[in-house]
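K.L.:
Chains as they are written, first to last, in the UniProt record's numbering: chain L, 1 to 248; chain U, 1 to 519.
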Amino acid sequence: MSRIVRPYGDTTGDGMVQMSFTLPVPHDKRAEGAALQLAAKMGLDGAMLVHAKPIGENYTFFVVYGATTHLVNLDDVKVVERDYPHFTPKEVNDAVREKLGRKLTVVGACIGTDAHTVGIDAILNIKGVAGEKGLEYYRELRVVNLGAQVAVPDLVNRAVDEGADAVLVSQVVTQKDAHLHNTREMSAAFREALPPGKRPLLVVGGPRFDESAAADLGVDRIFTRGTMPSDVASYLVHRLVFERQPAE
Amino acid sequence: MTGPLLPLDAGLVARARALAAKAAQPVVDLARSHTTVSVERATLRLAGLTGADPDGIPWVNRLADAVQDQVGIEHGIALPVFHALKDFPDLERLAHAAAAGGVRFELAKDQAARAARDRANAAVGQGFDRIDASRARRSRLVGEIGDPPQRPWIYLIVATGDIYEDIPQAQAAAKAGADVIAVIRSTGQSLLDYVPEGATREGFAGTYATGENFRLMRAALDETSREVGRYIRLTNYASGLCMPEIAALAGMHRLDMMLNDSMYGILFRDINPIRTFVDQRFSRQVHARAGIIINTGEDNYLTTADAVEAAHTVTVSQLLNERFAHEAGLPDELLGLGHAFEINPEVPESFRLELAHALLARQLFPDAPLKWMPPTKHMTGDVFRGNLLDGFFNLAGVMTGQSILLVGMMTEAVVTPWLSDRDIALQNVRYVLSACAGLAEDFHPPADGFIANRANHVLGEAVALLGKIVDDGLLNAIADGTFGIMKRPADGGRGLDGVAKRADDYWNPAASILDGGAE
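1. Let me check understanding here. Comparing Cα to Cα, which of U:Arg454, U:Lys501, U:Asn236 and U:Cys242 lies closest to aspartate 9 of chain U?
2. Exposed or buried, which one is glutamine 111 of chain U when buried takes at least 16 other CB atoms within 10 Å?
3. For aspartate 121 of chain L, decide whether its Cβ has a neighbour in chain U, counting only Cβ atoms nearer than 7 Å.
4. Pop quiz: glycine 56 of chain U and leucine 241 of chain U are said to be a contact at Cβ under 8 Å. What is the actual Cβ separation, rounded to whole angstroms?
5. Quick check: what's the CA-CA separation for serine 2 of chain L versus alanine 39 of chain L?
6. Can you tell me whether alanine 518 of chain U is buried or exposed, with buried defined as 16 or more other CB within 10 angstroms of its CB?
7. Which chain U residues sit within Cβ distance under 9 Å of threonine 22 of chain L?
8. With a threshold of 16 other CB atoms inside 10 Å of the CB of alanine 242 of chain L, please say whether the residue is buried or exposed.
9. Can you give the Cα-Cα distance for alanine 16 of chain U and valine 106 of chain L, rounded to whole angstroms?
10. So with Cβ pairs under 7 Å, would you call phenylalanine 393 of chain U a contact of chain L?
11. Per DSSP, what kind of secondary structure is residue 249 of chain L in: helix, strand or coil?
12. For the ligand SAH, I want to know if glycine 108 of chain L counts as a neighbour, meaning its beta carbon is within less than 6 Å of at least one of the ligand's heavy atoms.
13. Three-state secondary structure (DSSP) at glutamate 32 of chain L?
14. Would you say phenylalanine 204 of chain U lies against chain L (beta-carbon separation less than 7 Å)?
15. Going along chain U, which residues have a C-beta under 9 Å from residue 269 of chain L?
16. State the DSSP-derived secondary structure class of serine 170 of chain L, mapped to helix, strand or coil.
17. Write down the C-beta distance between alanine 108 of chain U and leucine 79 of chain U rounded to the nearest angstrom, noting that I regard them as a contact closer than 8 Å.
18. List the endpoints of the continuous alpha helix (DSSP H) containing threonine 224 of chain U.
19. Could you work out which residues of chain L lie near phenylalanine 268 of chain U, taking near to mean beta carbons separated by less than 8 Å?
20. Who are the neighbours of threonine 376 of chain U on chain A, taking C-beta pairs under 7 Å?
21. Considering only C-alpha positions, which residue in the set U:Ile77, U:Ala290, U:Ala159 and U:Ala435 is nearest to phenylalanine 128 of chain U?
22. Contact defined as beta carbons within less than 8 Å: I believe tyrosine 138 of chain L pairs with proline 89 of chain L. What is the distance between those atoms, to the nearest angstrom?
23. According to DSSP, what are the bridge partners of lysine 501 of chain U?
24. Can you tell me which of U:Leu5, U:Ala14, U:Phe277 and U:Leu6 puts its alpha carbon nearest to the alpha carbon of valine 463 of chain U?
25. Would DSSP call arginine 233 of chain U helix, strand or coil?
26. Looking at the C-beta of glutamate 309 of chain U, does it have a partner C-beta in chain L at a distance below 7 Å?
27. Please list, in chain order, the chain L residues whose beta carbon lies closer than 7 Å to that of glutamate 298 of chain U.
28. What are the residues that DSSP puts in a beta bridge with cysteine 110 of chain L?
29. Classify residue 323 of chain L as helix, strand or coil using the three-state DSSP reduction.
30. Looking only at DSSP bridge pairs, what is tryptophan 372 of chain U linked to?
31. Determine the burial state of proline 229 of chain L: buried for a count of at least 16 other Cβ atoms within 10 Å of its Cβ, exposed for fewer.
32. Determine, using beta-carbon pairs with one atom in the region 260-269 of chain U and one in the region 206-226 of chain U, whether at least three such pairs fall under 8 Å.
33. Between alanine 109 of chain L and valine 169 of chain L, is the Cβ-Cβ spacing less than 7 Å?
34. Counting only Cβ pairs nearer than 8 Å, list the residues of chain L close to glycine 493 of chain U.
35. Threshold first: 4 residues or longer. Then list the alpha helix (DSSP H) segments lying entirely within the region 449-492 of chain U, N to C.
36. How long is the line joining the alpha carbons of isoleucine 293 of chain U and serine 403 of chain U, rounded to whole angstroms?
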């Protein structure tokens, strides 16, 4: 069977796609010509302008149908598989309740001078982000959000007091690589304070981290731009519930 | 509407209101006997103090912090501030000196105190004059230009992060049919214990609420109002840690609606409950004075809990919001109580359930401009299905006589709305409003039918929950996770260190004016 595919409209191999977009020009003949030219440049053969509608005085919305001249070889498609399964909130709660038998404690903070709690709040606050609820929403997770500008020693002490299973640290400010220094300082402090078996899972997140730098920074996992609360919850359950027997 | 559409048990409705009043009373007492840093800073804002230090920290914060360090806030900061002002030409110069550590604050007595109080009353009175003038100007403009010709009013959100980008988008939205423009705030502004200063051009998924941003947008919409021949209302958010200050800025800059929920900050932002209730009462009093319609946030309960199982928590919250609002002086016509179309579309008869819930709210609060909010929880990124769902949301809004309709976006949960998304969404609204203009007239659900039974059932559940809240105490109910599913103890959450029990000699000229009604 051929591994080469093209889009399917109503006939195998017809390559039909639909697309819609807005151009910042008033609606006239030239605007319609511009829309078709754009479609051609995007690889649509014989594009049909099926709808053009002015939005205000200076913009026009278009719907275009056409056959794409591009094809895709499935054998050439490379994907980075996530190294943990994705769970729904219910699956997370069930796993924690049934397999761990107690609530899983997560301590979160922005450390150093970073006052940008937007990341940690998006992940932890019940309000969440983009319609997805934060970790507070998960009944079987106990969330302690320490907020902004938490000193590393305070974070370590609080994590120990709370019996944290995982520590989540958010770093937005990156001037002079502050996010890297802060993260190294944090992971070193946990290594110093606790033996390996007692150490909480260390997770950092922020828009400027490199996902592959976890080992270098001494943490268990790095999350970057676009991370949703359920990604973090799934990872925590995968590592702390399914992979590891709870510490005695 | 001609008569009640639902055969609600009048005794049960009366009992629900009585229970809400009983549940609210201890919290009202708490709000009357405490003050917060934000209430005190709002007083300075009303007295005309603006601007920020080179780090962007507003002078109201620097001045209030200095007073708090030296004499605390429990006496009210107006007396020490306006006593110290005798040696300075204005509040800003005093704030500079106080921030530099060069002012000793004290609680003046006798003649000195009387002089300080006179200065404070005069300054704060000017703030209220500005609020009163803004309100009068709104009435005049509405009279001249006119209200939207139809109900519901069409409410649209703008959120670019850059006020100078927001302005043309808001103007375009108004020209395309929006009656109300809401400038959504930057994520996390609710957790800032200060109000940023000046025009702002960067935000996270929204634009900072600042006095200058308010002024710029209101001026632009005044221009557009004249062009489109209807007064375009402007909305922002009085929520989070700076509710009172934002309410004061909104009143002085003639915003028309403000999001202002009694419990949202507690439940969804983990702000201390006492801080929230004290701030909320003051901010609602300011809104009442300014003629601003508040919008409450019951939609949020349904995004965290199941919209069928938790339907009665919406009713309970509406009744509590109504009680707190009345107590703070807001009349029914300024109560934009919220509710939302959030039932899972896979649930059989979901639309009938939505109609039942929407009618229940309409009938419980006949004179309130109810705010009807669109699906968000079940918007999946399938924009085609999303557009259909929004169409049914619009239909439910028209059939049940909702007052303010927040326009749903088919790209909810995908992107912040594009220009074309907004246009498609408005087209959807216009079609339904026009095609079903008089449909409410023909809509009489049978007295023993599914919709009537469901509405009565939800009301019954709401009364039962209110009874439980009265027994437990509202603060305990919040601490126990009765609302949403969040547990929020009264001694936890953000902003508690900014709360103080009022001392016997507490004095705040703004609070006196607001508690005394009109001057």
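Backbone N, C-alpha and C fix where the C-beta goes; we use that ideal spot for every residue, glycine too.
P.N.:
In short, the structure shows the following:
1. U:Arg454
2. exposed
3. yes
4. Glycine 56 of chain U to leucine 241 of chain U, Cβ: 16 Å. No contact.
5. 27 Å
6. With a pLDDT of only 40 at alanine 518 of chain U, under 50, the local geometry of the prediction cannot be trusted, and the value read off the model is given with reservation. With fewer than 16 other Cβ atoms within 10 Å, it is exposed.
7. Trp418, Leu419, Ser420 and Asp423
8. The sequence shown places phenylalanine at residue 242 of chain L, not alanine. Phenylalanine 242 of chain L comes out exposed.
9. 39 Å
10. no
11. Shown here, chain L extends from 1 to 248; a query on residue 249 of chain L therefore has no answer.
12. The ligand SAH is not among the ligands present in this structure, which contains no ligands whatsoever.
13. helix
14. yes
15. Outside the modelled stretch of chain L, which goes from 1 to 248, sits residue 269 of chain L, for which no answer is possible.
16. strand
17. 6 Å
18. 211-228
19. Asn125, Ile126 and Lys127
20. Going by chain labels, chain A is absent from the structure shown, which instead holds the protein chains L and U.
21. U:Ala290
22. 5 Å
23. U:His34
24. U:Ala14
25. strand
26. no
27. Chain L residues near glutamate 298 of chain U: none, gap ~15 Å exceeds 7 Å.
28. L:Ser170
29. Residue 323 of chain L lies beyond the range of chain L shown here (1 to 248); nothing can be said about it.
30. U:His339 and U:Leu405
31. buried
32. no
33. yes
34. Going along chain L, no residue has its Cβ under 8 Å from glycine 493 of chain U, so there is no contact; the nearest lies around 10 Å.
35. 450-472 and 474-479
36. 12 Å
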